[in-house]
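A.B. asks: 8 is the number that this note's numbering gives to position 28 of the sequence shown; each next residue is one higher, with no gaps. The beta carbon of each residue, even a glycine, is placed where N, CA and C say it ideally should be.
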Amino acid sequence: MVLPESAKPHLLQAIYAWCLEQDLTPYLLVLVNYPGVAVPPGYDRDGRIVLDISPSATQGLQMADSWIQFQARFGGVARRIDIPMAAVLAIYAAETQEGMGFPEPTLPQEPEPDAARDKGGSSAGGNERPSLRVIK
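#1: Could you check the C-alpha separation between Asp62 and Gln49 for me, to the nearest Å?
#2: Decide if the stretch 76 to 84 is in contact with the stretch 19 to 35; the criterion is three or more beta carbon pairs, one per stretch, under 8 Å apart.
#3: What is the DSSP secondary structure of Pro6, reduced to helix, strand or coil?
#4: Applying the criterion that 16 or more other CB atoms from any shown protein chain within 10 Å of the CB defines a buried residue, is Ile29 buried or exposed?
#5: Tell me, please, which residues DSSP counts as bridged to Leu31.
#6: What does the alpha-carbon distance come out to for the pair Tyr14 and Gln51?
#7: Using only CA atoms, which one of Ala(-3), Leu31 and Gln2 lies nearest to Phe54?
What follows is the structure, encoded as structure tokens:
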């Protein structure tokens, strides 16, 4: 069964709460190269990073519908961590490995250059001003 992406924040919050109730340590597995992910460099392995999101390891943890944000210490230095919800690959208890995994997201494509500009279209040098016209 494949759940909609909109269910992910609710599932993450539920498993996070379950981990804390069971005195377990909640870990997140995150895809580091997903756009918008802000984690300290050098702590990833194979493009993924495991983050301890327990209350003792984080400060100001916020799980919203589209982002997870908190502060954590890496090498003794406090860092702000930003994770788009789509970049979360799993949440699980460190001690038991029980939790939930999610499908790996497809990375958004880079926007392609405007074809008209590439072919020498009417926008010479990109200085064309936007205009509106009335259509009846």
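C.D. replies: The short version:
#1: Using only the alpha carbons, I get a separation of about 5 Å.
#2: The answer is no - the stretch 19 to 35 does not touch the stretch 76 to 84, with fewer than three Cβ pairs under 8 Å.
#3: Here Pro6 sits in strand by DSSP.
#4: Counting the other CB atoms within 10 Å of its CB gives Ile29 a total of 16 or more, which places it among the buried residues.
#5: DSSP lists Leu8 as partners of Leu31.
#6: Their Cα atoms are separated by approximately 19 Å.
#7: The shortest C-alpha to C-alpha distance from Phe54 to any of Ala(-3), Leu31 and Gln2 is the one to Leu31.
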